[in-house]
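Chains as they are written, first to last, in full-length UniProt numbering: chain A, 1 to 475; chain B, 1 to 475; chain C, 1 to 475; chain D, 1 to 475.
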């Protein structure tokens, strides 16, 4: 029940997300205030579901009572996280934060003393996997003879980081450049054994990110993939299961896709037939620069494109034969935009008597400020699942959850699920599932939202759960 | 279990909603096809949650199975509804449909033979309650000496409609002009008795809509208020309870407010602090014309303004002291817009480290095409609740739900709730509560969305419900 | 001074533009009224600058007097145009109009008798130049042994059309599919002679559109290129000059680019520095389908991308070194959108003290309804220039304008100009230049917009021109 | 020809515009650089037409040559302006700049030493004319017994400011709160004499702003009204003429109206019929706060509402009978928005065959950063007109322009014109008129944009002017 001393190692530590995450935690930890044109600012954890969202735990009289998740479960305190990681650029974190152009200038100044001594470890860099335009940043890379040495080096980095900081555990999270998809081949990526052999043989289709995942798993450390590429090939999944290590992916769900999976719920639940979804994006940070390369964009497009398919498929009245709708994803690199990613979506739908409904969204997403708290949640929730054990029915021993931790789907654009588990993209269902697991852990009932205890006269019930169980309904 | 033969009487039958509802049902009933520039069109019930939305009823293997609500519960078939009503304008429904400028011209032509013999009954018209600009339409009004005679006339209309069409029951729904709020006074509106006395005394602050509500209740007929005004004053509520008649309100939730209550969920659940919501609307139909009058606009503004307050209040991390945010509602009458209401919203929020998130929506809402299926749902669901009886614990007799049917809140901008029942505006919670009541009636478990049966290895469960009950969790 | 009897031959007659142009002229000519949901409609020529825009011709007292262009110059009456053309699809114009899904259904019905006997001539079809997805439409194509026979066939078609309809003249306009750019080669496209040799030799890089241009010129007929491809290669230009025939191009400026060239004026004239222009488009008509092919899209992108460069270059305060700004063009084929093309632009600019200004446009462009009147204007204005002769200074003979008719730039996305003529994309300058030429022809002074005659007290002048000439100013 | 030493006195010096104007000039003058999140910033004069826009002065070969206005005419150098003024709040300019929340924090810090000793003079404050919510700011007000003493005090302030700073001249500009309209009455506001009597008699309908205008005029100082109220009543105009002093107004044209007057040109010139214009605004600065009061909003609404009427009226093809279109103006005070005013416009138009064109704009206007360079231009251009003298025809003496300086209309939402001068709101015409006057002063020809010298073969001309004059055209 006591939170362990936990470390975080970010792949791509010096990127926009990495520096924003690190700076944000330091600002909160040291309670740093700063000025911008709007006056004095105090740090917060807005955008984090563990720190800043609440869930209903019951009623006090007619008043519904809500608590934040971190009051329901004993999450690690973000201010206690120890942060480190790798980057292909050798800039210290203070310089990198300045390069990122995300935080207010006065906050940058105040964080600089804390961050200028933080320097990323040398990174695995297989340049074929990321855009050529990243090459100029790559001045901090491992020069091993083969990929197995890279695995060993990363494992050593993890062990040393753990030891140096006297940590109970570490979580690894990829927030580096989107890689192109690796071409998954039988005999190479299909089993843990083949994959390890491929690493030994320096196979060209083993990506940098897969190296980190393997090293993580072998160090018994949860690995989280915050980018869209297919790091977590079947061989990695098998390796994770064998080693009883959690893996989570893929791709932070922070902006356009997040709202899209909420709006698909909105339309389909309302009985409105979505006909086209056109999603334009442009951004000017290094992520955008990397994605301006076709192969890397493809990874992103795949990650973003199927996000509403299961929602459409759930409604056979609207989609009796097929869920094929017009769905376009466009991402453009527009340097002037900086980190203020713009997401523009147009949703067209058919309504009553074949009328048309059109909804257009212009969404100014501060890319890294939205991603950083999601990184935090992924780490804290994954860490928490390492401490959750269950026993079902007459099971003898306590067990942990399936190693493919699809319950974090709320935070992922393309939730990785195990083969025999339904894929859920609906934002509402994802949030509710997550809340209900934690409520169950805390001994709280799930809320069916019927509020029957207030609607069925004669005898008031204390608890909606009970109400439902006891009631008999005849229609 | 068998659906009764049901009639609908609309107040404001000849308005845009009334004609669209009527034409749409006729098109479906007689399977009328028509042409517009896009080719041949077939009728549908898109936008209706009873007809066109689905809910999960369980899993078949790893596949989730969904059914439409009308397959779960024995709702009245919309094609079997008998439609009638009142209107201050004496246009027959075919002419009125043409005036509405909502349906495709070719569909108007095809529906005309069905609708030209439909003529609204004379309406109660207290002109002080609606905009002066409606006066030119008012050529079909009752001319009774006092308000009690109006009540009696409406009651008679209901009885005759029922008899003429050999109906088991009737539902009354107000889809006429928004009235100004009546000034609720002690001694006048506070009790059923006082209210009836006020009617007898021809009290000026008893509104036309309240007359319809009273007549409905006295005829043992469910009354639904689709406009924002305060028809359902305490005296009406008491009268409904005394007569064991359902009342439902207020104001169809079809466009801007609907998405707003979904997006407030989206933000607040994500731990993002909403700071301002600016909602602009313009429309050119007769609703817009009526609302261009200040007093009527006020009713609408009240109805729209508090719709997210309970959602904000549920998060004390984001709103520790007060839920006061900047929230503006503007409605403008722009004749050229016609029925294609435009709703423009800007949502500003504070995110991590006080960054700003801005979301702008441009929403082209076909006003009446969105409202008509909501009218249908309100009628069908309210009718269904008349047939649901429950017994809780050791209760002896079966009872019906609280007469203030707040469970229809998904369909209402400002859900009317009884004094001791929490108000829920969250679109997600409203939908889930409604689904879960019907699933309970049908003997189906509510879904907690944890999908634990797929995530807890060793022993697969058939049913998420069971899983949850049997599991023991230790954190 | 009398308008000649004029025919129009459209390449791509059966496409959306061709059918809308033809149907629209017929509706106007025969004064056809029709119904849509908004009531009875009467035809108009909105969107045509010759028919529906006005220009100031002087003042009457303090009132400025404006006249439409067609009252200033003796343009051909659009209702008198005789229309014909070619298409790769053999659908008659009535069917094709129905396929286009542009006009109201009731108008389609009323136009059908007029258009069902109109059948396009067989078209030149070099399938390598347009998207593969167009192949299924290509059932009406010439099957000549070589390209010179195609030229001869088209020439014959022109002569026969002229004769059959007893026309004084014909204008040819390409409104067919966008072709890919042909690869301009020395020895092939560089001179008239080489080009004619290439045609004889059946050179693969001579495009279908170039064949039409050559045939036109040889028939002494003005040729207008309404698509972006490089039909008008140097050899065509030389041929036109030799034969004293006008050529006009490229690409109708109807929607996004039109407003972009107005807004660039707006910003740059205001001293505001444009930093990024991101232009998203999606459309669902056959144009969009063809452009979904990469090579064809490239033509469009080139046509759209440089449209503001000369405007930026005119301001060396804002752009002292280079006019390089972020400028992205995206076009997506989204079938559900139909002909209602959506253009979304985001303009970011630097303002005082490096603040940012952001302007976002959502533009619902009815693609063919905007293009058809531009087609009309191109034809009427080009025809008019055939009748304008001038004599400068001590020149002996009257001459006609340069054969590359860049004065029609207002109507063209990428105005074709002769080598030694400045390129003007500014919408304001284009309109004013055009107006001023016609005013000069009509003996009217150009307006300098100073209104000095009203602002310089003591002695009022009749004419701003005179005022300016006579005044002496000392600063 | 040499620029005089010029002072500026702002009414409302401590407001957002006043502090931004002052800070911006100081940053430029002292070449202050500063940091924000995007890196190091250098000051500029973007948004000023005198400093940062260019106009064509001729051609060099085929290249068009452009110069900025301040290279064409000897404007006062903005860095040489001496700034002072009045404010109802006694905050020094450094504090006031901080309160404004407009400039980057680091720039605020760097400007503070320059601005903390700048303190506004006591202001005339007739509280009935501005919103009640401004009262809390009013701690720096004159307490004279009557309005004539106020006039005298302001005159004295002007003289002392001039003397203390050894100035050749001063310009006065109102950038304070929008006042309500004064009720113009015969016998009070109609003549200079009556107005002066009303001031003496302390008439309640003489507004604070009119007091400043009178004092200005009596001190022989140009007065510019940057707000919408009717300061410049007929009596003020007469007084200005008598004293040969320029007056300019009304209301800075910086954002929504500016683009609206450009887009009306765009549509109407294209022959497209505007049908509705719906203009929503919200802002959170003190201007917004003041405008949240109904009477003050009315002034703004009047100023904004008629801005396109003359443009519509110029096209009798589109508007044969009346120019009445749906035109709505809404302004809301939304504090969270701060100075980043949002302007949202929807333009609907009828196009060919009664199709609809819809254009939606979302415009993030930095209110004060857009206004400050307009303030600068108004001052510099008005000052320049004081130095322009002309002589027409056989006039004996040089004269100055009409005292109602309507030529500055480009910078004004509601350009004040003299009774017998046409009102021009078209942004394009306003800019061109202004440019042409200055070009005439500089001995440059106006450009008719025909580029005929490049289009009429045989004999090239050096100058488009000459071309036009010499050519003979026969149509």
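The beta-carbon is built from N, C-alpha and C at its ideal position, and this holds for glycine as well.
Any chain B beta carbon closer than 8 Å to residue i
i                     : result
residue 276 (chain D) : yes
residue 321 (chain D) : no
residue 17 (chain C)  : no
residue 47 (chain A)  : yes
residue 271 (chain A) : yes
residue 312 (chain A) : no
residue 31 (chain A)  : no
Under the three-state DSSP convention, the category residue i falls into
i                     : result
residue 409 (chain C) : helix
residue 152 (chain B) : helix
residue 109 (chain D) : helix
residue 115 (chain A) : helix
Nearest-angstrom Cβ-Cβ length linking residue i and residue j, presumed shorter than 8 Å
i                     : j                     : result
residue 404 (chain D) : residue 224 (chain D) : At roughly 12 Å, the Cβ-Cβ gap does not stay under 8 Å, so residue 404 (chain D) and residue 224 (chain D) are not in contact.
residue 353 (chain D) : residue 15 (chain C)  : Contact doesn't hold; Cβ gap of about 17 Å is too wide.
residue 171 (chain A) : residue 383 (chain A) : 6 Å
residue 416 (chain A) : residue 232 (chain A) : 6 Å
residue 88 (chain C)  : residue 123 (chain C) : 5 Å
Boundaries of the beta strand (DSSP E) in which residue i is found, first to last residue
i                     : result
residue 271 (chain B) : Per DSSP, residue 271 (chain B) belongs to no beta strand (DSSP E) and is neither H nor E.
residue 349 (chain A) : 340–350
Below-8 Å beta-carbon distance, residue i vs any chain C residue
i                     : result
residue 257 (chain A) : no
residue 103 (chain B) : yes
residue 428 (chain D) : yes
residue 350 (chain D) : yes
residue 338 (chain D) : no
residue 133 (chain D) : no
Neighbourhood of residue i by C-beta distance below 8 Å, restricted to the same chain and skipping five residues each side
i                     : result
residue 62 (chain C)  : 454
residue 159 (chain C) : 219
Spatial neighbours of residue i in its chain, beta-carbon cut-off 7 Å, leaving aside the 5 residues before and after
i                     : result
residue 272 (chain B) : 349, 351 and 357
residue 303 (chain B) : 228, 250, 251, 413 and 414
Beta-carbon proximity list for residue i, same chain, < 6 Å, skipping 5 on both sides
i                     : result
residue 330 (chain C) : 280
residue 74 (chain B)  : 1 and 3
residue 265 (chain C) : 426 and 428
Residue-level contact to chain D via CB, residue i, 8 Å cutoff
i                     : result
residue 362 (chain A) : yes
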